[in-house]
Amino acid sequence: MDYPLRMEQFRNANADSAATCQKLKGDLQAVFNVLPKDMQQLLLMNPQRAALLQGSHEWAKLPGHPLLQVGVVSSTSPR
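And the structure:
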C-alpha cells in the first residue's frame, strides 16, 4: 500500500471519528436537556460529568450555578 493512499485513509478515519464524536455530544446534550432540573444540577456538581457537557451553555442557565466552571476540580476535592 502506498503512502498517499494510507494518508487519505487516515484523514477519512479522522473525519469519521470527529463526526461520530459530534453526534455523541449532541445526543448527550439532548438527553441532558430532558432530565429534570434537579437531576441536571446533581450531574453538574460532579466535575468529571460536567466536563462531558463542556462547550454547552445550557448548564449556565441552571439556578444555583451561575458561575459553574465545567471541568475545574478544586484543590480540596478528593481525587
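Following this note's numbering, the numbering of the sequence shown begins with 2 at its first residue and continues without gaps.
Note that beta-carbon positions come from the ideal geometry of N, C-alpha and C, so glycine has one too.
#1: Is Asp-3 near the ligand FAD, in the sense that its beta carbon is under 7 Å from a heavy atom of that ligand?
#2: Quick check: Ala-51 and Leu-43, are their CB atoms within less than 8 Å of each other?
#3: Assign Leu-54 to buried or exposed, taking buried as 16 or more other Cβ atoms, counted over all protein chains shown, within 10 Å of its Cβ.
#4: How is Met-8 classed by DSSP in three states: helix, strand or coil?
#5: Span of the alpha helix (DSSP H) holding Met-46?
Concretely, from the data shown:
#1: In terms of ligand content, the structure shown is empty, and the ligand FAD therefore cannot be addressed.
#2: Residue mapping note: residue 51 aligns to position 50 of the sequence shown, counting from 1. Residue mapping note: residue 43 aligns to position 42 of the sequence shown, counting from 1. No.
#3: Taking the sequence shown and counting its residues from 1, one reaches residue 54 at position 53. Classification of Leu-54: buried, given that the 10 Å Cβ count is 16 or more.
#4: As a first step, residue 8 is located in the sequence shown; it is residue number 7 there, counting from the start. Looking at Met-8 - three-state DSSP - the assignment turns out to be helix.
#5: Translated into positions along the sequence shown, residue 46 becomes position 45. Run containing Met-46: none; DSSP gives neither H nor E here.
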